Amino acid sequence: MIDLDSYPLPVEDVVGRVVEGAEDQPAEAVLVLPEKGQVKVLNEVGARIWSLVDGQRNLREIAHLICQEYEVDASQAETDVLAFVEELAEGGVVKISDYPGLG
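Under my numbering, the letters of the sequence shown match residues 4 to 106, in that order.
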């Protein structure tokens with residue numbers, strides 16, 4: 004089960020890149036899932052969350068950073084980060100560990 008104390012990390016074969024937008028465009032992330040033959044595009048906040056998914060930060064820490072950077076309510080950031088990472092996990096983009104650095 005995924006909770007705020009879970010540590011997400013990218014699945015090994017997923018290739019992800021954050022692409023900075025043009026002057027007035029936000030950054031996006033492009034994720035390639037070769038095993039599934041899929042490409043996913045993440046919006047600005049999704050791209051930022053993706054950049055923080057390193058297996059060293061738990062979801063609570065990621066939500067705290069999102070809260071600070073995007074000036075959103077802490078409980079809303081926690082809810083949104085948790086839901087987003089659950090979606091990534093279900094899609095085979097990230098795996099979840101109970102401990103930092105482990106997969």
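Positions of the beta carbon are idealized from the N, C-alpha and C atoms, including for glycine. From a predicted model like this one, the values you see are computed outputs, not experimental measurements.
Residue Gln59 holds the alpha-carbon nearest to the alpha-carbon of Tyr102 among Ile65, Gly95, Phe87, Gln59. Counting only the Cα atoms, Val33 lies some 26 Å from Met4. Residues Cys70 of the same chain have their beta carbon placed closer than 6 Å to that of Ala77, with the five preceding and five following residues left out of the count. Rounded to the nearest angstrom, the gap between the Cα atoms of Ile99 and Ile65 is 14 Å.
Three or more pairs of CB atoms, one per stretch, sit closer than 8 Å, so the segment 35 to 51 contacts the segment 10 to 26.
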